[in-house]
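Student: Below: one structure in structure tokens.
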Amino acid sequence: MSSRSKNSNAGLSPAAAKLRLLKKLRCTLKFEKQAWASGAQRVAGVDEVGRGSLFGPVVAAAVILEPAYRIRGLRDSKLLPAERREDLAQRIREHSIAYAIAAVDSARIDQINIYQASRVAMLHAVQQLACSADYLLVDAVRLDCDLPQQPIIHGDALSASIAAASILAKVERDRMISAWDPVFPMYGLASNKGYSTTHHIAALREHGPSPLHRQSFAPVWNAPIPQEVLSFMLDEPASDGSGEEEVFAAASDS
108 MSSRSKNSNA
118 GLSPAAAKLR
128 LLKKLRCTLK
138 FEKQAWASGA
148 QRVAGVDEVG
158 RGSLFGPVVA
168 AAVILEPAYR
178 IRGLRDSKLL
188 PAERREDLAQ
198 RIREHSIAYA
208 IAAVDSARID
218 QINIYQASRV
228 AMLHAVQQLA
238 CSADYLLVDA
248 VRLDCDLPQQ
258 PIIHGDALSA
268 SIAAASILAK
278 VERDRMISAW
288 DPVFPMYGLA
298 SNKGYSTTHH
308 IAALREHGPS
318 PLHRQSFAPV
328 WNAPIPQEVL
338 SFMLDEPASD
348 GSGEEEVFAA
358 ASDS
């Protein structure tokens with residue numbers, strides 16, 4: 108990084124500095140075209156959202172874009188306003204060859220950690236595709252499968268397919284979390300979508316976490332845990348060691 112870049116980021120939080128970087132990146136079909144040129148026909152972009160949230164599942168999506176149809180405006184879901192994400196999500200669902208969405212819940216996140224849970228959700232999304240992919244473009248990580256794949260740092264800001272996956276995952280997760288807002292109105296889930304905000308942290312301190320909060324995350328386990336949450340955790344059946352993860356999944360093909 109140049110001294111000019113370092114100076115321009117001085118005083119910024121890591122999250123703000125990353126957001127500034129993402130805005131400078133250009134989302135294209137470069138990686139997809141390279142895969143197609145190598146012989147791949149069904150290139151799936153894969154991404155997850157909700158990794159840093161304190162509440163609810165991590166949600167992943169896999170999308171195989173139609174090479175002959177260009178969806179303009181695809182970029183990292185974090186850089187798009189909600190209305191624009193909804194519009195793009197509808198176009199992705201209508202014009203992609205196939206897409207699938209999967210989620211791993213907060214209890215499983217606490218069992219296997221958020222990194223592994225994210226990879227599990229992404230793998231399940233790939234496996235749920237109605238039309239099997241023959242090449243994967245994955246945001247940042249490598250998945251435990253035999254398919255040829257390319258992990259791409261900041262992939263959701265560079266690859267159109269990964270950006271499409273991030274948009275579908277974000278729209279679905281926001282819908283899921285907002286549905287819980289009437290059940291747990293004290294946390295402000297409709298607005299913060301489960302992420303750490305001043306209001307959310309204050310609510311955790313005042314009310315303690317809900318059964319759907321991630322008990323392994325520091326802001327949550329530092330909060331007083333109500334008796335009903337403790338009972339819920341104690342009643343949870345132990346893993347049978349089969350490797351089967353509890354996931355939500357939805358899939359479609361065009």
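My numbering applies: residue 108 is where the sequence shown begins, and numbers increase by one.
Think of the CB as a built atom: it goes at the ideal place given N, C-alpha and C, for glycine as much as any other residue.
Since this is a predicted model, take the numbers as computed values, not measurements.
#1: Determine the direct distance from the alpha carbon of E313 to that of I269, and round the result to whole angstroms.
#2: Tell whether a beta-carbon distance below 8 Å holds between L265 and L132.
#3: Flag this pair as touching only if the region 158-166 and the region 281-300 have three or more C-beta atom pairs under 8 Å; answer yes or no.
#4: Could you give the DSSP three-state label for Q223: helix, strand or coil?
#5: Would you tell me roughly how many angstroms separate the C-alpha atoms of A309 and A240, rounded to the nearest one?
#6: Which runs of the alpha helix (DSSP H) at least 4 residues long sit entirely within the region 175-253? Give them in chain order.
#7: How about Q235 and A271: are their beta carbons less than 8 Å apart?
#8: So L311 packs on A330, CB below 8 Å; how close in whole Å?
#9: Less than 8 Å between the beta carbons of A276 and D154, yes or no?
#10: Got a sec? Which residues, its chain only, sit under 6 Å from H306 by beta carbon, not counting five neighbours each side?
#11: Give the straight-line distance between the Cα atoms of D288 and S145, rounded to the nearest whole angstrom.
#12: Below 6 Å CB to CB, which residues in the same chain sit around D246 once its five sequence neighbours on both sides are set aside?
#13: Helix, strand or coil, according to DSSP, for D288 in the structure here?
#14: Can you round the beta-carbon distance between P255 and R249 to whole angstroms, since I take them to be within the 8 Å contact cut?
#15: Measure the C-alpha to C-alpha separation of V233 and Y206 and round it to an integer number of angstroms.
#16: Taking the continuous beta strand (DSSP E) assigned at Q257, which residues delimit it?
#17: For R177, count neighbouring Cβ atoms within 10 angstroms of its own Cβ and tell me buried if that reaches 16, exposed if not.
#18: Just tell me which of D194, L136, R158 has its CA closest to the CA of M229.
#19: Does the separation of the CB atoms of E147 and A169 fall below 8 Å?
#20: Suppose you measure from the CA of S203 to the CA of R179; what does that come to, to the nearest Å?
#21: If you measure between the beta carbons of Q322 and D194, is that distance less than 8 Å?
#22: In chain order, what residues of the same chain lie with their CB nearer than 7 Å to the CB of L186, ignoring the 5 residues before and after it?
#23: What does S266 pair with, by DSSP beta-bridge criteria?
Tutor: Reading from the atomic positions:
#1: Taking the first residue of the sequence shown as 1, we reach residue 269 at position 162. Taking the first residue of the sequence shown as 1, we reach residue 313 at position 206. Rounded to whole angstroms, I269 to E313 spans 39 Å at the Cα level.
#2: The residue you call residue 265 lines up with position 158 of the sequence shown. The residue you call residue 132 lines up with position 25 of the sequence shown. Yes, the Cβ-Cβ distance between L265 and L132 is below 8 Å.
#3: yes
#4: On the sequence shown, position 116 is the one that residue 223 refers to. Residue state, collapsed to three classes: helix.
#5: On the sequence shown, residue 309 is found 202 positions in, with the first residue counted as 1. On the sequence shown, residue 240 is found 133 positions in, with the first residue counted as 1. The alpha-carbon atoms of A309 and A240 are separated by roughly 44 Å.
#6: 189-202, 213-219, 221-234
#7: Sequence index remark: in the sequence shown, residue 235 carries index 128 (1-based). Sequence index remark: in the sequence shown, residue 271 carries index 164 (1-based). In this structure, A271 does not lie closer than 8 Å to Q235 by Cβ.
#8: On the sequence shown, residue 311 is found 204 positions in, with the first residue counted as 1. On the sequence shown, residue 330 is found 223 positions in, with the first residue counted as 1. About 4 Å; that satisfies the 8 Å criterion.
#9: If you number the sequence shown from 1, residue 276 lands on position 169. If you number the sequence shown from 1, residue 154 lands on position 47. For A276 and D154, yes; Cβs fall inside 8 Å.
#10: One-based indexing of the sequence shown puts residue 306 at position 199. Hits under 6 Å: G295.
#11: Position 181 of the sequence shown holds residue 288. Position 38 of the sequence shown holds residue 145. Distance between the alpha carbons of D288 and S145: 47 Å.
#12: For the purposes of this step, residue 246 is taken as the residue at position 139 of the sequence shown. These residues qualify, in order along the chain: D154, G262, D263, I269.
#13: Numbered from 1 along the sequence shown, position 181 holds the residue referred to as residue 288. Coil.
#14: In the sequence shown, the residue the question calls residue 255 occupies position 148. In the sequence shown, the residue the question calls residue 249 occupies position 142. So it is not a contact: roughly 11 Å between Cβ atoms.
#15: Stepping through the sequence shown from its first residue, residue 233 is reached at position 126. Stepping through the sequence shown from its first residue, residue 206 is reached at position 99. Straight-line Cα distance between these residues: approximately 9 Å.
#16: Here the question's residue 257 lines up with position 150 in the sequence shown. Segment 256-259, the beta strand (DSSP E) holding Q257.
#17: In the sequence shown, the residue the question calls residue 177 occupies position 70. Looking at its Cβ environment, which holds fewer than 16 other Cβ atoms inside 10 Å, R177 is exposed.
#18: Looking up residue 229 in the sequence shown gives position 122. Comparing Cα positions, the closest option is R158.
#19: Numbered from 1 along the sequence shown, position 40 holds the residue referred to as residue 147. Numbered from 1 along the sequence shown, position 62 holds the residue referred to as residue 169. According to the sequence as given, residue 147 is Ala; it is not Glu. For the pair A147 and A169, the CB atoms are not nearer than the 8 Å cut-off.
#20: One-based indexing of the sequence shown puts residue 203 at position 96. One-based indexing of the sequence shown puts residue 179 at position 72. Taking the straight line from one Cα to the other gives about 13 Å.
#21: Counting from 1 along the sequence shown, the entry for residue 322 is found at position 215. Counting from 1 along the sequence shown, the entry for residue 194 is found at position 87. Cβ atoms of Q322 and D194: not closer than 8 Å.
#22: Looking up residue 186 in the sequence shown gives position 79. Answer for L186: L129, K130, listed in chain order.
#23: Numbered from its first residue, the sequence shown carries residue 266 at position 159. According to DSSP, S266 bridges with T135.
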